[in-house]
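*Asks:*
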Amino acid sequence: MKLYFLIQFKMLNRHLAAFGIHPVIGCVLILAAFTGSSVLIFEKTAFAEYLYLAASLSFLARLSDPARNQFLRSCFGKKDYRVVRMLENVIVAAPFAAFLVIEKYYFHALAALFLAGFMSLTIVGNRSGFTIPTPFGKRPFEFTVGFRNSFPVIVLAWFLTVMAVISGNFNLGIASLILVFLVCFSYYLNPENEFYVWIFNSRPGIFLFGKIKTALVYATFLTLPVSLVLSVFYSDKILIIGAFQLLGYIYLGAVVLAKYSSYPHPMNLPQFIILVVSVWFPPLLLAVIPFFYRKSSIRLKTLLA
Amino acid sequence: MIEIKNLNKYYGDHHVVKNARMVFEKGCVYGLVGENGAGKTTLFKCIAGLEKHDGEIITDYGHLKDHLGYLPTEPYFFQKITGMEYIRLLCNARRIKAENIHEKNIFDLPLNQYASTYSTGMKKKLALLAILMQENEVFILDEPFNGVDIQSNILIADIILRMKELGKTVIISSHIFSTLSETCDEIFLMKEGAIIRRVLKADFPALEYEMKQILVGDRIEKLGLK
């Protein structure tokens, strides 16, 4: 069992190394990012404690994946399997519980730990063979696969939009729009198997244009309900809503290009930093987008030329 | 026509494909046989353009990859993509409108289910169906019969013969010699990265006998089974 956690730790370090970052620095950065985003959530959002519980739950759900649990069951005896699942869930939930305690939400902190325990006994996944329908079947795969993996977060974002209208909190509405865009960005974080690029009979430029076009059209399917509802109920702020929608599209295009600029490897730290800096200083996108486009074209040339 | 001239592939110092020279004509079926690790899959990937290599591939198709259907040994599927979506994806990639998919589903695959839930054989059949619907001119089928039930094996062999009639070029690797002798016009024997022999249909029985001698030999005796 000790070896299992040691291997998990080694795998995390390898992921960080592949991302181009020293494991120690990576751990410090993860801690800083977690603390920073937690402070921000509790400062800026209503119902932060529930959002926080939902975030913890989404991480725990990943550990309850059926295939993963089947593997663990085959590795460990019944008792050890239970202990492993309980321990890893507590490790994941502990930072969330700790921050809830700092924020004096003692009941919610207990709930986070209780959920961790409960989730260790459950398997979350589609074992019924039921296929989640999507409106993206015409142009698979990023949004079809991504939506099926993330639809609870999309539903949560739409729910937050409704809450933003009910509570008269425009910022919450914008946060829900940003959340939907962030989910769309996540569909483009991991590189696909080379076969799925090789099959295209387009040259790199056309391929990238097609990918961006699909991303923008399908992102509209998911973001439009949010933008429309906000535009109806906050018609005086329609320009702000439009600006966020437009920025979302531009960043989505940049993320698609960033993904292929390091293809077939996952996005690395320098690319991630460039994207983050361009969020703080959007005019930088004027240089970043052509830069990613050039690099992507070179990367894709081998498979598509 | 596809002509491969002096194709070499190295992984570091390891010479995986050694100076391969082959010609593939339209309307012909070719087999590639050899032990595991002989370099068959690497050679296929090089021809497909999935691996960088030295040497030349001359073809009258322009960009060969745009007319090539490649069936990998173990096709990769995304976690939550249905069979139908997989076929659409492959057809979209070639700008082909995927029509009458249900009608063309000759393997009776559950196309509305996630492909990742399919059995090994079903995955193979789905991947094959998708490249067939891409209307390719050249097909590379890496172990198309592996894990597939006997009825589908018969169907696949017939599909290969139909493609031959249609003037397509088919290159297959298989460990099941009978399927190759049934469908192929020519078989290449690969050993340790090199094409060591080219055998025409008339000599297939001799090749099968020879392969059996090489592969089995006295190995079973060495087991000392009691």
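Residue numbers (my numbering), protein chains in the order written: chain A, 1 to 305; chain B, 1001 to 1226.
Positions of the beta carbon are idealized from the N, C-alpha and C atoms, including for glycine.
(1) Suppose you measure from the CA of S176(A) to the CA of G242(A); what does that come to, to the nearest Å?
(2) Any idea if P135(A) is buried or exposed, counting beta-carbon neighbours within 10 angstroms, 16 or more meaning buried?
(3) Since S176(A) is in the alpha helix (DSSP H), which residue starts that stretch and which ends it?
(4) Please list the residues of the region 1102-1134 of chain B that have a C-beta atom closer than 7 Å to any C-beta atom in chain A, keeping them in chain order.
(5) Are the CB atoms of L87(A) and F311(A) within a distance shorter than 9 Å?
(6) My understanding is that I199(A) touches A1202(B), with C-beta atoms under 8 Å, so please give their C-beta distance in whole angstroms.
(7) Among F9(A), L72(A) and H15(A), which residue has its Cα nearest to the Cα of N190(A)?
(8) Report whether the distance from the Cβ of G137(A) to the nearest heavy atom of the ligand FAD is below 8 Å.
(9) If you draw a straight line from the C-alpha of A33(A) to the C-alpha of L216(A), how long is it?
(10) Check each candidate in P1072(B), L1071(B) and A1048(B) and name the one with the smallest Cα separation from Y1061(B).
(11) Mapping the DSSP letters down to three states, classify K301(A) as helix, strand or coil.
(12) Answer with yes or no whether the minimum CB distance from K1226(B) to chain A is below 9 Å.
(13) Around the C-beta of C1046(B), are 16 or more other C-beta atoms found within 10 angstroms, so that it is buried, or is it exposed?
(14) By Cβ distance below 6 Å, which residues in the same chain neighbour Y331(A) in space, the five residues on each side in sequence not counted?
(15) Report, in whole angstroms, the separation of the C-beta atoms of G1039(B) and G1193(B), which I expect to be a contact under 8 Å.
(16) Exposed or buried, which one is R1021(B) when buried takes at least 16 other CB atoms within 10 Å?
(17) Where do the ends of the alpha helix (DSSP H) carrying Y1010(B) lie?
(18) Put T1120(B) into one of helix, strand or coil per three-state DSSP.
(19) Shorter than 9 Å from the beta carbon of H1053(B) to some beta carbon of chain A?
(20) Check the Cβ-Cβ distances between K138(A) and every residue of chain B, and say whether any is below 9 Å.
(21) Nearest by alpha-carbon distance to L53(A): which of I25(A), D80(A) and A94(A) is it?
(22) With DSSP as the reference, identify every bridge partner of V1029(B), one or two as the case may be.
(23) Please identify, using Cβ separations under 9 Å, the residues of the region 1085-1096 of chain B that lie next to chain A, in order along the chain.
(24) Strictly under 9 Å for the Cβ-Cβ distance: is H1063(B) near chain A by that measure?
(25) Taking only three categories from DSSP, how would you classify L110(A)?
(26) If you check the beta carbons only, do V226(A) and V180(A) fall under 9 Å apart?
(27) Give me the Cβ distance between F1077(B) and S1119(B), rounded to the nearest whole Å; I'm assuming they're in contact under 8 Å.
(28) For the pair the region 1067-1074 of chain B and the region 1207-1214 of chain B, tell me if three or more CB-CB distances fall below 8 Å.
(29) Taking only beta-carbon atoms, is L303(A) less than 9 Å away from chain B?
(30) Thinking C-beta only, is I1187(B) closer than 9 Å to L1032(B)?
(31) Between V256(A), A116(A) and L40(A), which has its C-alpha nearest F207(A)'s C-alpha?
(32) Closer than 9 Å, CB to CB, is R148(A) near chain B or not?
(33) What number of angstroms, rounded off, separates the C-alpha of I41(A) from the C-alpha of F141(A)?
(34) Tell me which residues of the region 263-286 of chain A have at least one Cβ-Cβ distance to chain B shorter than 8 Å, keeping chain order.
(35) How would you label E49(A), buried or exposed, when you count the other beta carbons within 10 angstroms and need 16 or more for buried?
(36) Can you look up F1044(B) in the DSSP assignment and give me helix, strand or coil?
*Replies:* Based on what the coordinates show:
(1) As a first step, residue 176(A) is located in the first sequence; it is residue number 176 there, counting from the start. As a first step, residue 242(A) is located in the first sequence; it is residue number 242 there, counting from the start. When rounded, the distance between both Cα atoms is 14 Å.
(2) Locating residue 135(A) in the first sequence gives position 135, where the first residue counts as 1. Around the CB of P135(A), fewer than 16 other CB atoms lie within 10 Å, so the residue is classed as exposed.
(3) Position 176 of the first sequence, counted from the start, is the residue given in the question as residue 176(A). F170 to S186 is the extent of the alpha helix (DSSP H) around S176(A).
(4) N1112, Q1113, Y1114 and T1117
(5) Here chain A comprises residues numbered 1 to 305, so residue 311(A) is not present and cannot be evaluated.
(6) Residue numbering aside, residue 199(A) sits at position 199 when the first sequence is read from its first letter. Residue numbering aside, residue 1202(B) sits at position 202 when the second sequence is read from its first letter. Going by Cβ atoms, the distance from I199(A) to A1202(B) rounds to 37 Å, so no, they are not a contact pair.
(7) Position 190 of the first sequence, counted from the start, is the residue given in the question as residue 190(A). For N190(A), the nearest C-alpha among the options comes from H15(A).
(8) The ligand FAD is not among the ligands present in this structure, which contains no ligands whatsoever.
(9) In the first sequence, the residue the question calls residue 33(A) occupies position 33. In the first sequence, the residue the question calls residue 216(A) occupies position 216. Each residue's Cα considered, the two are about 28 Å apart.
(10) For this step, residue 1061(B) is matched to residue 61 along the second sequence. Residue A1048(B) is the option with its Cα nearest to Y1061(B).
(11) Taking the first residue of the first sequence as position 1, residue 301(A) is located at position 301. Looking at K301(A) - three-state DSSP - the assignment turns out to be helix.
(12) Counting from 1 along the second sequence, the entry for residue 1226(B) is found at position 226. Closer than 9 Å: no.
(13) Looking up residue 1046(B) in the second sequence gives position 46. Result: buried.
(14) Residue coverage of chain A in this structure runs from 1 to 305, which leaves residue 331(A) outside it and unanswerable.
(15) To locate residue 1039(B), count along the second sequence from 1; it is residue 39. To locate residue 1193(B), count along the second sequence from 1; it is residue 193. About 4 Å separates the two Cβ atoms, so the contact holds.
(16) On the second sequence, residue 1021(B) is found 21 positions in, with the first residue counted as 1. Flag for R1021(B) reads exposed.
(17) Numbered from its first residue, the second sequence carries residue 1010(B) at position 10. Careful: Y1010(B) lies outside any alpha helix (DSSP H), inside the beta strand (DSSP E) at I1002 to Y1011.
(18) Against the second sequence, residue 1120(B) aligns to sequence position 120. Of the three classes helix, strand and coil, the one that applies to T1120(B) here is helix, per DSSP.
(19) Counting from one through the second sequence, the residue named residue 1053(B) turns up at place 53. No, no contact with chain A.
(20) Locating residue 138(A) in the first sequence gives position 138, counting from the first residue. Output row for K138(A): interface = yes.
(21) Taking the first residue of the first sequence as 1, we reach residue 53(A) at position 53. Checked all of I25(A), D80(A) and A94(A); the closest Cα to L53(A) is A94(A).
(22) The residue you call residue 1029(B) lines up with position 29 of the second sequence. Note: V1029(B) sits in a beta bridge opposite V1170(B).
(23) E1085, Y1086, R1088, L1089, L1090, N1092, A1093, R1094 and R1095
(24) Numbered from 1 along the second sequence, position 63 holds the residue referred to as residue 1063(B). Output row for H1063(B): interface = yes.
(25) Taking the first sequence and counting its residues from 1, the one referred to as residue 110(A) is at position 110. Shown here, L110(A) sits in a helix according to DSSP, grouped into three states.
(26) By 1-based counting over the first sequence, the position of residue 226(A) is 226. By 1-based counting over the first sequence, the position of residue 180(A) is 180. Contact: yes.
(27) As a first step, residue 1077(B) must be located in the second sequence, where it is residue number 77. As a first step, residue 1119(B) must be located in the second sequence, where it is residue number 119. That pair is no contact at about 12 Å.
(28) no
(29) Along the first sequence, read from residue 1 onward, the residue named residue 303(A) stands at position 303. Chain B contact via Cβ: present.
(30) Reading the second sequence from its first residue, position 32 is the one you call residue 1032(B). Reading the second sequence from its first residue, position 187 is the one you call residue 1187(B). The answer is yes: Cβ separation under 9 Å.
(31) Along the first sequence, one-based indexing puts residue 207(A) at 207. It is V256(A) whose Cα lies nearest to the Cα of F207(A).
(32) Counting from 1 along the first sequence, the entry for residue 148(A) is found at position 148. For R148(A), the answer is yes, since a Cβ of chain B falls inside 9 Å of its Cβ.
(33) The count along the first sequence starts at 1 and reaches residue 41(A) at position 41. The count along the first sequence starts at 1 and reaches residue 141(A) at position 141. Taking the straight line joining both Cα atoms gives about 32 Å.
(34) none
(35) What you label residue 49(A) is simply residue 49 of the first sequence in a count that begins at 1. Answer is buried; the Cβ neighbour count reaches 16.
(36) Position 44 of the second sequence, counting from 1, holds the residue named residue 1044(B). In the structure shown, F1044(B) sits in a helix (DSSP, three-state: H, G or I).
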